[in-house]
Amino acid sequence: MASSSKMLEGKSIVVTGAGRGIGREIALLCAAEGAKVVVNDPGGAADGAGNNAAPAEEVVEEIRKRGGTAVANFETVAEAIPASKIIKQAVDSFGKLDGIVNNAGILRDAIFHRMSVEAFESVIKVHLMGSFYTSHAAARLYREQESGTFVHFTSTSGLIGNFGQANYAAAKLGIVGLSKSIALDMQRFNVTSNCVSPFAWSRLIGTIPTETEEEKARVARMQQMGPEKIAPICSFLLSDAAKDVTGQIFAVRMNEIFLMGQSRPIRSVHRAEGWTTKSLAEHGMPALKSSFYKLDRSADIFSWDAI
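The working numbering puts the last residue of the sequence shown at 308; the count rises by one with no breaks.
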């Protein structure tokens, strides 16, 4: 491939959680598209326990074998100072930073009444706080150079809903708010911020319970969706071709890409004299009820097989 046709030629990119799964595929594709990549991954288990340098090092080795440029980073995104060191390494290694993919994540699923405080807080720390810490560390750099991209990972668990994922859903919907705020605040500096909601088989999805036949069937369907299908939208959003794309949410499922909706009013009721508890019960709520959202889960909305 001629270098002129590489969409990320000369760019410096950070990908968090890039040792395995979706993050690995993003790092490999970005490098193939000409980016210099910081491959961040502390190498913990799916629930965040432990650490292991091998996953990040193996991805770096793979990139170099293919003629690309990459360095490994083993910091956690779940604390502010280690997260800032990931950004510093990009600048120290490559002289600048052009894009961040906030992909790092853990899962600690449990039905709500059984979820521990620690399970809730640890998931929030990695997903939501981690996305904030890396983005915040890069924000001043982006402002000074008047350019930069953020790609954050959300989930239909937050956008739509799922059983047993209050921690994950809260973090993932929080990331949508974070991304939109960054897009609004930093638009004047030519900085873009978008969310990607992936459907893909990964190690984290492998932790989903498969006790019922329905759950087994759902996981079997997801196993057909390779993480490599998620990487192209990320490399596109990091490229100059996406300079006018900001504040959006994209879901990716096999070969389908969806532009997801954002919260807007759908129906209203008005009463000149104002509302009382009684009039709300008798008139207000019945008038709105036909437009109520059902307690849908992701699988109810995306009910057809991936194509």
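Here a beta-carbon is modelled for each residue, glycine too, at the ideal position from N, C-alpha and C.
Bear in mind the structure is a predicted one, so any value in this text is a computation, not a measurement.
Asked, Found
"On the CB-based measure, 16 or more other CB atoms within 10 Å of its CB, does Thr-213 come out buried or exposed?", "exposed"
"Would you mind working out which of Ile-267, Phe-121, Leu-160 and Arg-268 sits nearest Ile-302, comparing C-alpha positions?", "Leu-160"
"With a threshold of 16 other CB atoms inside 10 Å of the CB of Leu-260, please say whether the residue is buried or exposed.", "exposed"
"By Cβ distance below 6 Å, which residues in the same chain neighbour Ser-1 in space, the five residues on each side in sequence not counted?", "The first residue shown for the chain is 2 and the last is 308, placing residue 1 beyond what the model contains."
"Can you tell me the Cα-Cα spacing of Ile-23 and Ile-88, whole angstroms?", "20 Å"
"Helix or strand or just coil, what does DSSP make of Ala-74?", "Note that residue 74 is Asn in the sequence shown here, rather than Ala. In the structure shown, Asn-74 sits in a strand (DSSP, three-state: E or B)."
"At the level of alpha carbons, what is the spacing between Lys-217 and Ser-304?", "15 Å"
"From Arg-25 to Glu-119, what distance separates their C-alpha atoms?", "28 Å"
"Put Gly-22 into one of helix, strand or coil per three-state DSSP.", "helix"
"With DSSP as the reference, identify every bridge partner of Thr-150, one or two as the case may be.", "Gly-100 and Thr-193"
"Might you give, ordered along the chain, the residues of its own chain that have their beta carbon closer than 6 Å to the beta carbon of Ser-94, omitting 5 neighbours on each side?", "Val-72"
"Taking DSSP as the reference, what is the three-state secondary structure of Phe-121?", "helix"
"The beta strand (DSSP E) with Lys-126 in it runs from where to where?", "It is not in any beta strand (DSSP E) - Lys-126 carries neither H nor E in the DSSP assignment."
"What is the rounded straight-line gap between the Cα of Val-15 and the Cα of Pro-43?", "14 Å"
"Alpha helix (DSSP H) containing Phe-237: first to last residue?", "232 to 239"
"Between Ile-231 and the rest of its own chain, which residues show a CB-CB distance below 6 Å, the 5 nearest in sequence each way excluded?", "Ile-23, Pro-199, Ala-201 and Val-253"
"Label Lys-37 either buried or exposed according to how many other C-beta atoms from any shown protein chain fall within 10 Å of its C-beta, with 16 as the threshold for buried.", "buried"
"Per the DSSP calculation, Asn-41 is bridged to which residue(s)?", "Asn-74"
"Excluding the five sequence neighbours on either side, which residues of its own chain have a C-beta within less than 7 Å of the C-beta of Ala-79, listed in chain order?", "Lys-126, Val-127, Met-130 and Gly-131"
"For the alpha helix (DSSP H) holding Arg-65, just list the boundary residues, first then last.", "55 to 66"
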